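Novice: Counting with numbering that gives the first Met the number 0, you get residues 0 to 127 for the letters of the sequence shown.
No residue lacks a Cβ here, since even glycine has one placed at the ideal position from N, Cα and C.
Quick caveat, the model's predicted, so the values are computed rather than measured.
Please read through the structure below; I'll follow up with questions.
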Amino acid sequence: MTSRTMVKIDEELCNGCGLCISPCAEGALEIVDGKARVIKDELCDGAGFCIGVCPSGALSLENREAEAFSEQAVIIKREKDAEKRLKYIPQHCFSCNSSEEEKYLLPVKHKGEALWCCTRCLPQLIHG
Ligand code: SF4
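Below, the structure written as structure tokens:
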């Protein structure tokens, strides 16, 4: 443990919007139970790139005791995140079967069923 600069998250102010996740190049932040959290101290380098994107002022920097920043831990986290992305299964439009990789999909509900609909088919649903 060492005393160093870390990102601080005010849980009262955090609305869980997730805007701070991607600016963190180290992957230190994730949304857990609807709130942003530093998932491992060794992933946070304390640079504070996340602070400017927070719309609710929930992020700041503080000096506290924490594990030292670890480049190796960041590399391992990036590899895990890449694996997660590879496992993602793209969704398809229920009407024309277009993949979300081809078109934008929006969620719709019909007779209790949750469906995805592409922006090309949606006007037909709306206007008949
Ligand atoms: S950007 Fe701010 S409000 Fe949004 S999840 Fe991150 S800390 Fe919470």
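Taking 8 Å as the threshold, find out whether the segment 113-123 comes into contact with the segment 89-102 through three or more Cβ pairs.
Specialist: At 8 Å Cβ cutoff, the stretches touch.
Novice: Leaving aside the five residues before and after Trp115 along the sequence, list all residues of the same chain whose C-beta is less than 8 Å from its C-beta, in chain order.
Specialist: Same-chain partners within the cutoff: Gln90, His91, Cys92, Phe93, Glu99, Leu104, Leu105, Pro106 and Val107.
Novice: Let me know the beta strand (DSSP E) ranges lying completely inside the segment 64-125, each 3 residues or longer, listed in chain order.
Specialist: 104-109 and 112-117, all fully within the segment 64-125.
Novice: Should Val73 go down as buried or exposed, given a rule of 16 or more other Cβ atoms within 10 Å for buried?
Specialist: With 16 or more other Cβ atoms within 10 Å, it is buried.
Novice: If we ignore side chains and look at the alpha-carbon of each, how far apart do Gly45 and Glu112 end up?
Specialist: The alpha-carbon atoms of Gly45 and Glu112 are separated by roughly 45 Å.
Novice: Shorter than 7 Å, the distance from the beta carbon of Gly45 to the closest heavy atom of the ligand SF4, or not?
Specialist: For the ligand SF4, not one heavy atom lies less than 7 Å from the Cβ of Gly45.
Novice: Give the DSSP-derived three-state secondary structure of Leu28 in the structure shown.
Specialist: Residue state, collapsed to three classes: strand.
Novice: Do you know how far the Cα of Ser2 is from the Cα of Ala35?
Specialist: Those two C-alpha atoms are separated by around 22 Å.
Novice: With distances taken Cα to Cα, identify the nearest neighbour of Cys53 among Ile20, Lys110, Glu64 and Ile125.
Specialist: Closest option to Cys53, Cα to Cα, is Ile20.
Novice: Under a three-way DSSP split, which group does Leu12 fall into?
Specialist: If DSSP states are grouped into helix, strand and coil, Leu12 belongs with coil.
Novice: Of all the options Lys86, Gly47 and Gly17, which has the alpha carbon lying nearest to the alpha carbon of Met5?
Specialist: Closest by alpha carbon: Gly47.
Novice: Return the first residue and the last residue of the beta strand (DSSP E) that Val52 is part of.
Specialist: Element bounds for Val52: n/a, residue is neither H nor E.
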